[in-house]
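So the structure is just underneath, and the comments pick up after that.
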Amino acid sequence: MGTTDTGVKAAGAKGEAGEKGDKGDAGRGIASITAEAGNKLVITYTDGTTQTISIGSTVVSEDNNDFTYELLSNGTYTITGLANTSLVDIVIPSRYNGTFVTRIAAEAFKNNTNIKSVRIHDGITQIGNSAFEGCIVLKDVSISSDSELKKIGSRAFYGCVAMNSIYVPETVTFIGSYAFYSSGLKTATFAATSGWNLYGKFNGYQAHLNPTNAANAAKALSTNYTSHTASDFYKQNWERNINLTLTYGYDREL
């Protein structure tokens, strides 16, 4: 009797096991993501660090090398300038080398004629003196209502002629003299309109003003508030929640 070819081939002998590969390096991964009120996410990494972001916001690499940095005595970084000078739309990073970025240094972007917009992350607490002075094409400055910004230094946005609006969060308690002088400001919206000890001159008379009207506040920050040359609020430090006494003149709202 003949044999029938079934088309099934007999399995060959099993080969020897290969050598075990080297173990990969330990990396940093995401341990958990937790939602919080206010459309925020808290990301916890496997190295124990955390990062809070607003839903819909841009997450910037922690190793952002578009900027130059300086380590402060409190262990955080300040941005001192641009390493990538071709940037026109900049986003201030929240961290560098795993450490928080909390300040923009004095004169960090002074006289830069390329920057058109800047987004300042919520963890920045200070904008230094003359940080953006002379940035003549800077139009959009984005500061959110969740910002921890406390201080805007003297001449910080001096001469930013393309800039037409600014939002001042509730946390800000100091705006230095000439901070927005000769800028193109049309509106300055203050989250906190009371408690400002803004003492200067209104038509030559000493006055204390509160920035309740966005258009008037912008005018007071950037130029003579009235046609009278002695309306000099732009020359003053704008301070909030300190004790000053009005010796003469009057108290009014902007």
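For the sequence shown, the numbering used here assigns the number 2 to the initial residue and increments by one for each residue that follows.
Glycine included, each C-beta is placed from N, C-alpha and C at the ideal position.
> Within 10 angstroms of its Cβ, does N66 collect 16 or more other Cβ (buried), or is it exposed?
Replying inline: exposed
> Are the CB atoms of I116 and I153 nearer to each other than 9 Å?
Replying inline: no
>> Taking 7 Å as the limit between beta carbons, can you name the residues of its chain near G196, skipping five residues before and five after?
In response: R241 and N242
>> Less than 8 Å separating the Cβ of N204 from some heavy atom of the ligand ADP?
In response: No copy of the ligand ADP appears in this structure; indeed no ligand is present at all.
>> Residues in the same chain with beta-carbon distance under 6 Å from T190, minus the five sequence neighbours each way, listed in chain order, please.
In response: Y168 and A215
>> Relative to the C-alpha of A127, which candidate in V142, V138 and A107 has its C-alpha closest?
In response: One detail in the question is off: residue 127 reads as Gln in this sequence, not Ala. Looking at the Cα atoms, A107 is the closest of the given residues.
> Do you know how far the Cα of F203 is from the Cα of S58?
Replying inline: Caution applies to S58, whose pLDDT of 39 falls short of 50 and renders its modelled position unreliable; the value that the coordinates give is listed next. Each residue's Cα considered, the two are about 41 Å apart.
> Taking the continuous beta strand (DSSP E) assigned at K202, which residues delimit it?
Replying inline: W197 to F203
> Mind pulling the beta strand (DSSP E) runs of 3 or more residues that sit fully within the segment 150-201?
Replying inline: 166-169 and 188-191
> Under a three-way DSSP split, which group does S223 fall into?
Replying inline: helix
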